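Shown next, in structure tokens, is the structure this report addresses.
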């Protein structure tokens, strides 16, 4: 299971931090930020235990407020 604040290495060999995670219309989506280059972000979803990059800009626009709400609930004191 992938959780917020986990670090993942993707196919591009970059390490990404999971900054937000949401469930939307039956799929789990992730907002990832490159650990070393913060302007490099990716939006992905789970499919059969794999992460698939999301390239649908309209859907990303719908998901952004949901990612923000989910990120607000992170407790950094853990």
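Residue numbers (this note's numbering): 105 to 182.
Note that CB positions come from ideal geometry on N, CA and C, so glycine has one too.
Since we're looking at a predicted model, the values are computed, not measured.
Outcome for residue i when other beta-carbon atoms lying within 10 angstroms are tallied against a minimum of 16
| i | result |
| --- | --- |
| residue 135 | buried |
| residue 177 | exposed |
| residue 168 | exposed |
Sub-7 Å separation of residue i and residue j beta-carbons
| i | j | result |
| --- | --- | --- |
| residue 131 | residue 120 | no |
Member of the options whose CA lies at the smallest distance from the CA of residue i
| i | options | result |
| --- | --- | --- |
| residue 154 | 161, 109 and 113 | 113 |
| residue 115 | 133, 172, 152 and 146 | 146 |
| residue 105 | 163, 141 and 152 | 152 |
| residue 156 | 107, 133 and 142 | 133 |
| residue 173 | 123, 109 and 159 | 123 |
Nonlocal neighbours in the same chain, by C-beta distance under 8 Å from residue i, ignoring five residues either side
| i | result |
| --- | --- |
| residue 139 | 111, 118, 119, 120 and 121 |
Own chain residues within Cβ distance below 7 Å of residue i, not counting five before or after
| i | result |
| --- | --- |
| residue 170 | 126 and 128 |
Residues near residue i in its chain [Cβ-Cβ closer than 6 Å; skip 5 each side]
| i | result |
| --- | --- |
| residue 144 | 138 |
Quick check on the DSSP output: what are the complete beta strand (DSSP E) runs of length 3 or more inside the segment 119-157, in order along the chain?
Runs of the beta strand (DSSP E) spanning 3 or more residues and lying entirely within the segment 119-157 occur at 119-128, 131-138, 145-151 and 154-157, in chain order.
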